[in-house]
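First to last, the protein sequences are chains A and B. As numbered in the working numbering, residues 1 to 114 make up the first sequence, in order. As numbered in the working numbering, residues 1001 to 1117 make up the second sequence, in order. The beta carbon of each residue, even a glycine, is placed where N, CA and C say it ideally should be. Here the structure is a predicted model, which is why all the values come from computation and not from measurement.
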Amino acid sequence: GNSVTQMEGPVTLSEEAFLTINCTYTATGYPSLFWYVQYPGEGLQLLLKATKADDKGSNKGFEATYRKETTSFHLEKGSVQVSDSAVYFCALSVNSGGYQKVTFGTGTKLQVIP
Amino acid sequence: NAGVTQTPKFQVLKTGQSMTLQCAQDMNHEYMSWYRQDPGMGLRLIHYSVGAGITDQGEVPNGYNVSRSTTEDFPLRLLSAAPSQTSVYFCATLVTGLAGRRAETQYFGPGTRLLVL
């Protein structure tokens, strides 16, 4: 089956620190990879995505590169802000029998302190 | 566009009661899904639909029913609520590309927080 493994949180960083949240996956077929962000009391929203090997997704200073050889899609940001405090979910999607099957990781909570 | 809307935002039920969680979207997306979010478990798929009249089970379908009579609406019914169904429920649409062969993004509603006593 398909699965997504994320580093456990919470991750606590000082403002302007470098962020890495690890994500690895297993999948049958060739998945698309996503990072979603959830702010307190809200639903998830797409942060970035990549659809093929070596693609780099980027948005709002966050980046992640689709690494097929290591089955990874680690999220990085060079300088975090307090406003980045949220829960981050790694996810994959594969075409299964003509339908899209989406699998989420368990989420990593990020706390950025001033 | 309102996007994906969910009602109610919060509900308390007693064990054995039934209720329907409402989900509506105005983006004309074919795919819709229901997830539950529990601490330490991420999001788990309950049911999904690839168009009006077509639904299928996800990872954790027991105790839930769905129907899809229109593109816009995708209600989730709890037939006889149990404390194990205490959770936050999210409805989402899915946008696909390449003639449905690839997922592009999901749009989530704000969630319904359900407490079953």
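Mind checking Lys1009(B): buried by the 16 CB within 10 Å criterion, or exposed? Looking up residue 1009(B) in the second sequence gives position 9. Result: exposed.
Chain A partners of Phe1074(B), CB-CB under 7 Å? Here residue 1074(B) refers to the residue found at position 74 of the second sequence. Residues of chain A with a Cβ closer than 7 Å to the Cβ of Phe1074(B) do not exist; the shortest Cβ-Cβ separation is about 15 Å.
Listing by chain order, which chain A residues have their CB less than 8 Å from the CB of Phe1090(B)? The sequence position of residue 1090(B) within the second sequence is 90, counting from 1. Residues of chain A passing the Cβ test: Gly43 and Leu44.
What is the rounded straight-line gap between the Cα of Gly192(A) and the Cα of Leu13(A)? Not covered by the structure: residue 192(A). The range shown for chain A is 1 to 114.
Going by the beta-carbon positions, is the gap between Val37(A) and Thr103(A) smaller than 9 Å? Here residue 37(A) corresponds to residue number 37 of the first sequence, with the count starting at 1. Here residue 103(A) corresponds to residue number 103 of the first sequence, with the count starting at 1. No, the Cβ-Cβ distance between Val37(A) and Thr103(A) is not below 9 Å.
Are there 16 or more other CB atoms within 10 angstroms of the CB of Arg1077(B), so buried, or fewer, so exposed? Taking the first residue of the second sequence as position 1, residue 1077(B) is located at position 77. Answer is exposed; the Cβ neighbour count stays below 16.
Closest to Asn59(A) by CA distance: which of Gly78(A), Arg67(A) and Lys68(A) is it? Here residue 59(A) refers to the residue found at position 59 of the first sequence. Measuring from the Cα of Asn59(A), the nearest candidate turns out to be Gly78(A).
Go ahead and pull the three-state DSSP assignment for Asp1026(B). Along the second sequence, read from residue 1 onward, the residue named residue 1026(B) stands at position 26. Of the three classes helix, strand and coil, the one that applies to Asp1026(B) here is coil, per DSSP.
Contacts that Thr1096(B) makes with chain A (C-beta to C-beta distance below 8 Å): Start at 1 with the first residue of the second sequence, and residue 1096(B) comes out as number 96. Correct list: Gln100.
For Glu1072(B), report the span of its beta strand (DSSP E) as first-last. For the purposes of this step, residue 1072(B) is taken as the residue at position 72 of the second sequence. First-last for Glu1072(B): undefined, no H or E at that position.
Take Gly1058(B) and list the residues in its own chain whose beta-carbon comes closer than 6 Å to its own, dropping the five residues that flank it on each side. Here residue 1058(B) is taken as the residue at index 58 of the second sequence, counted from 1. Closer than 6 Å at Cβ, skipping near neighbours: Leu1045, Ile1046, His1047 and Tyr1048.
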